[in-house]
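In numbering that gives the first Met the number 0, the protein residues as written are 0 to 287.
Glycine residues also receive a C-beta, built at the ideal position from the N, C-alpha and C atoms.
First the structure, in the form of structure tokens, and then the observations on it.
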Amino acid sequence: MQLITRRAFISAGASTALATLGLPGLASATKVRFKIGVTDWNLKLEGKIESISLAKQLGFDGVQISIGKGTDKLPLSDPALQKAFLDESKREDLKIESLCLEILHRNCLKSDPLGQRWVADSISIAKAMGVRVVLLPFFGRCALETAAEMDKVGDILKELAPAAEKAGVILGLEDTISGRDNVRIMDRTQSSAVLTYYDVGNSTNNGCDVVKEIRWLGSARICEVHLKDNPHYLGEGRIDFKAVIDALADVGFDGWAQLETDSPTSVEGDMRRNLKFIRGLIAARDAS
Numbered sequence: 000m001q002l003i004t005r006r007a008f009i010s011a012g013a014s015t016a017l018a019t020l021g022l023p024g025l026a027s028a029t030k031v032r033f034k035i036g037v038t039d040w041n042l043k044l045e046g047k048i049e050s051i052s053l054a055k056q057l058g059f060d061g062v063q064i065s066i067g068k069g070t071d072k073l074p075l076s077d078p079a080l081q082k083a084f085l086d087e088s089k090r091e092d093l094k095i096e097s098l099c100l101e102i103l104h105r106n107c108l109k110s111d112p113l114g115q116r117w118v119a120d121s122i123s124i125a126k127a128m129g130v131r132v133v134l135l136p137f138f139g140r141c142a143l144e145t146a147a148e149m150d151k152v153g154d155i156l157k158e159l160a161p162a163a164e165k166a167g168v169i170l171g172l173e174d175t176i177s178g179r180d181n182v183r184i185m186d187r188t189q190s191s192a193v194l195t196y197y198d199v200g201n202s203t204n205n206g207c208d209v210v211k212e213i214r215w216l217g218s219a220r221i222c223e224v225h226l227k228d229n230p231h232y233l234g235e236g237r238i239d240f241k242a243v244i245d246a247l248a249d250v251g252f253d254g255w256a257q258l259e260t261d262s263p264t265s266v267e268g269d270m271r272r273n274l275k276f277i278r279g280l281i282a283a284r285d286a287s
């Protein structure tokens, strides 16, 4: 065993010194590096430019914007609408960090050829807007339930991934399967442009240990996070959000965590309440 002097404990800190022994869980605490945003649909302003000013007013660092549903084209493919969003983002000095391709609730990527087209279109939209992440949802009848469905999605995304890589866009998988099953899809794509969009509420509801999964996935395989414990306020349901914040900080996650929380009383009041709770956990972590 390596010897550690008393001076090492004093100068480096006991936890850092112990970490040199390779003992798990004893490394010094790292500060939180991720930012906190909010989804436009939970602001009750899905696809609306007004979501930017409200997010700013409530104290968020950024906002996740809906691309919208269409028949011949996606609403946000309109250059004029893109410019309007970007102008408002600049005016409010609030980041649009990610987009949601919610049309995949209708045109399932696993079974509908239109789904593949919409993903391709979303890459172009994200590039034009300078947005890094596009959320690809897999829920309801579009949920991934079998290994064959997961493999098919992996193969589809393998075809689309080169365009995403070239555009500097990440395609984020948000679904009801385990972290390991998400990695199965990611590995099949053979691309760094397909990552996990981790939702602690969805994963908890589907029986996953979210803290263990976050630590196992690590920051390299998570592009963005949804924080929620609906229908509860954060900290009043089943999820230990202190442990979630600690896990994200410990793995070095430096992306965005978006609040996707319900508002049973009022959007402004309930969003402020949930944001204050998360900010409090972050402040306590960083002060320790």
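| Check | Outcome |
| --- | --- |
| Coil, strand or helix - S190 by DSSP | coil |
| Assigned exposure category for E259 - 16 Cβ within 10 Å defines buried | buried |
| Cβ-based burial, R32 [other Cβ within 10 Å; buried from 16] | exposed |
| Own chain partners of S262 with C-beta closer than 8 angstroms, once the 5 adjacent residues on each side are dropped | N41, K43, G268, D269 and M270 |
| Test item: CB-CB of Q63 and A127 under 9 angstroms | no |
| Where G114 falls: helix, strand or coil (DSSP) | helix |
| M0, DSSP secondary structure in three states | Per-residue confidence for M0 stands at a pLDDT of 31, beneath the threshold of 50, marking its modelled position as unreliable; the derived number appears in the next sentence. The answer is coil: DSSP assigns M0 none of H, G, I, E or B. |
| Alpha-carbon spacing of L113 relative to N106, whole angstroms | 6 angstroms |
| Coil, strand or helix - P136 by DSSP | strand |
| Ranges of the alpha helix (DSSP H) found wholly within the region 51-101, counting only runs of at least 4 | 78-91 |
| Extent of the continuous beta strand (DSSP E) to which G251 belongs | Careful: G251 lies outside any beta strand (DSSP E) and carries neither H nor E. |
| Spatial distance of S65 from I51 (CA atoms) | 12 angstroms |
| Extent of the continuous alpha helix (DSSP H) run through K211 | V209 to L216 |
| Cβ neighbours of I102 in the same chain (closer than 6 angstroms, five flanking residues each side left out) | K68 and W117 |
| Collapsed DSSP secondary structure at D228 in the structure displayed | coil |
| R90 to I122 span [Cα, whole Å] | 25 angstroms |
| Distance, Q56 Cα to L93 Cα | 10 angstroms |
| Simplified DSSP state of I176, which is helix, strand or coil | coil |
| Nonlocal neighbours in the same chain, by C-beta distance under 6 angstroms from H225, ignoring five residues either side | D198, Q257 and E259 |
| Beta-carbon gap between V133 and L73 smaller than 9 angstroms | no |
| Three-state class that DSSP yields for T203 in the structure shown | helix |
| First through last residue of the beta strand (DSSP E) which encompasses G36 | K34 to T38 |
| Pairwise C-alpha distance: C207 and S195 | As written in the sequence, residue 195 is Thr, which differs from the Ser given in the question. Looking at the two C-alpha atoms, the distance is approximately 15 angstroms. |
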